[in-house]
Each structure stands twice: as structure tokens, then as C-alpha cells.
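Trainee: In our numbering, the protein residues as written are 14 to 365. Note that beta-carbon positions come from the ideal geometry of N, C-alpha and C, so glycine has one too.
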């Protein structure tokens, strides 16, 4: 650890709270805005040490249970912090529990619970503040996984007010969460917060129930015949598989090093032809991109097989940073959807 410099909190918790409140207010005083932004930046950065100190402990346990586990960490992005402050009533910046976050992804649900038990029952000075089991009780969106929130209680007391959230998921659960994030990014919807078009929200909720059956550990209720039939209808109606393929391929194109200096990408997805047209716009040309977007949207508004999507390079960078294996994970999600379609076809054949 020699040579490492950890950012410490320079402000009081009250100052942090005031900064969060100000940044989501309608006040347009630039001086106050920059001061509040400095406080938020410092508060966010000061989570790096507690996060790193817990990561080693989590990683050791995860690899003992599953040598193929994936363990990652992240500091919550500033736009995501502000969005959460605006979205959740009563949320305060100084009380936000997931600014520092770790994620463990393992092969099975039984391993998820093994890791949970080892961490909760293990010897650590850090204090368990909250546990949520979204496997036995999934979120309304269909999200499944286990969340543990710990308060740092180690030797560096300057960080004792900091929380770190740990998410533990199976591969199947993570492929679902990745697909939600990918579709949300490309359609401009906050699907993981259960906000967006009903068709996509219902599709992912039903897919989650069906995926629980695939894992043979349906701690949520099993998919009924009606659920399966409705899921198939949404798969067809939304052209889920070709759209996911198009989104994944588009992400690869946008991340290409040849696109340096390009900030906005306008995508025309021709679902029926499995074709993608990409229009590139440098920084400063958002107006041009928006005009072209509006024109294409009007042209194809009555064609459900044509999608027009405007995304920023920053949103794609954030997606790839949060979900570094997004291509493999969306492919795994698609394979599970294909299994559901095949099982439904087999069921129809045996019923005749």
C-alpha cells in the first residue's frame, strides 16, 4: 500500500447533506453549484479506501466458494448519485449506502448463499447495517440477488461514516441485470428503477420468473402457463433477440478506437433486416444529431421494425465500465430466452 494516497472527507456530514440537497434544487447560483459539486466529489472519492479495504476480504471468500467467481468494485457515478437523490423521496447524500459498491457473480444460487453466509458469519470489524434478499423476494422489476450493506469500522476512523454495498448474484441473475441495463441504455428508459414502457417492464419481470425455473431454484414463484405464454408474446412483440444482438453489436462499434472525438451516435436499427446504420456526431454537434433523430423518428414512426436511437459515447462508456462482460452476458441472456422459446414449442407439440 506504500505510495497510495486515500482521499479523506474534508466536510461535515451536514455539509454533505446540504450539498446533495442543493445540487437537485432549482437554484442557478454558479458559485454555490461549484462549491456543492466539490463537496459531492470529495464525499464520493472518500469512499475509495473503505471500498478497497473490504474488497480483499470479499474476494478471498468468493474464490474459496467459486474459483470462477467475478469480483468487481466501483464508485457510483455522479449522474447516478444525483438521479437517485431526485428519484427517491427522502434520500439524502450523506445517507446513501451504495456510493461504494462491490459485486460478486458466481455460478449458482447455492454459491450465492454460501458466500452470503461466509461473509455475514465471518470475523470482520465492519458492521452489517442492512441485508436484503431479493432472491426469496424479488424486486417489482424482477431483479434477484442478495445485497449486504456494511459500515466501515476499521482502523482508519476518518472513514467510519462510510457505507459499502455488496451485491451477490448468480450468472443467470447477472445476465438478466445486464440485459436490463443494455436495453435501458439504448432505449433511454430507467428500466432497473421500474420506469419505462410497460411492454419492456413486463417482459423483464416475466423473464426473471422463467429464469428462476431455469436455475432449478425457483425461490420466486414458478412461471405459470399463463406467465410463459405472456412472456413468449412479449419476446415476439418486442423482437427481443434481434434487438439485443443489435444493441450488443452497436456497443462494440461505438467503443471502437476509430471513433475518438465522436460524442453522439444516432443508430437506425432495422430489426427485420438485422442491419444497423450508425451516424456519428463530434462533440458540439448535439443540435445536428437531435434534428436528424427527429427526422428519422417521424419517417419510421409507423414502422415497428425500425428503431431510431440516440446515445452518447459517455453512456456507452459507463455501460461498458459497469458491465465489462456485457457482450458475453447479453449472449447468455439471449441463450436463456431461446431455451424458453424451445421449451414452449416442445410443450405445444406434446399437447397435441
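How is residue 22 classed by DSSP in three states: helix, strand or coil?
Mentor: Coil at residue 22, not helix or strand.
Trainee: On a Cα-Cα basis, can you pick out the residue from 301, 45, 67 and 62 that is closest to residue 19?
Mentor: 62
Trainee: How long is the line joining the alpha carbons of residue 23 and residue 55, rounded to whole angstroms?
Mentor: 7 angstroms
Trainee: Exposed or buried, which one is residue 149 when buried takes at least 16 other CB atoms within 10 Å?
Mentor: Classification for residue 149: exposed.
Trainee: According to DSSP, is residue 233 helix, strand or coil?
Mentor: Legend: pLDDT at residue 233 = 42, less than 50; position of this residue unreliable, no value from coordinates given.
Trainee: Since residue 279 and residue 292 are thought to touch, with beta carbons under 8 angstroms apart, how far apart are those beta carbons, to the nearest angstrom?
Mentor: 4 angstroms
Trainee: Identify which residue in 108, 146, 66 and 199 has its Cα closest to the Cα of residue 327.
Mentor: Closest in alpha carbon position to residue 327, among 108, 146, 66 and 199, is 199.
Trainee: The alpha helix (DSSP H) spanning residue 300 covers which residue range?
Mentor: 299–312
Trainee: Between which two residues does the alpha helix (DSSP H) containing residue 262 stretch?
Mentor: Residue 262 -> alpha helix (DSSP H) spans 253–267.
Trainee: Could you compute how far the alpha carbon of residue 272 sits from the alpha carbon of residue 41?
Mentor: 34 angstroms
Trainee: Look at the alpha carbon of residue 349 and the alpha carbon of residue 32, and state the distance between them as a whole number of angstroms.
Mentor: The straight-line gap separating the alpha-carbon atoms of residue 349 and residue 32 is approximately 44 angstroms.
Trainee: Please look up how many angstroms separate the CB atoms of residue 194 and residue 205, rounded, as I've assumed it's under 8 angstroms.
Mentor: 7 angstroms
Trainee: Less than 7 angstroms between C-beta atoms, sequence neighbours within five positions excluded: which residues of the same chain meet that for residue 306?
Mentor: Same-chain partners within the cutoff: 279, 321 and 323.
Trainee: Got a sec, what are the start and stop residues for the alpha helix (DSSP H) residue 218 sits in?
Mentor: 211–227
Trainee: Just to check my reading of the structure: residue 125 and residue 119 have Cβ atoms closer than 8 angstroms, yes? What is that Cβ distance to the nearest angstrom?
Mentor: 6 angstroms
Trainee: Decide if residue 317 is buried, meaning its Cβ has at least 16 other Cβ atoms within 10 Å, or exposed.
Mentor: exposed
Trainee: With DSSP as the reference, label residue 288 as helix, strand or coil.
Mentor: Three-state result, residue 288: strand.
Trainee: Cα separation between residue 191 and residue 174?
Mentor: Straight-line spacing of the CA atoms in residue 191 and residue 174 works out to 31 angstroms.
Trainee: Tell whether a beta-carbon distance below 9 angstroms holds between residue 183 and residue 121.
Mentor: yes
Trainee: In angstroms, rounded to a whole number, what distance separates the CA positions of residue 284 and residue 274?
Mentor: 28 angstroms
Trainee: By DSSP, does residue 30 sit in helix, in strand, or in coil?
Mentor: Note: residue 30 maps to helix in three-state DSSP.
Trainee: Give the range of the beta strand (DSSP E) segment to which residue 160 is assigned.
Mentor: 159–164
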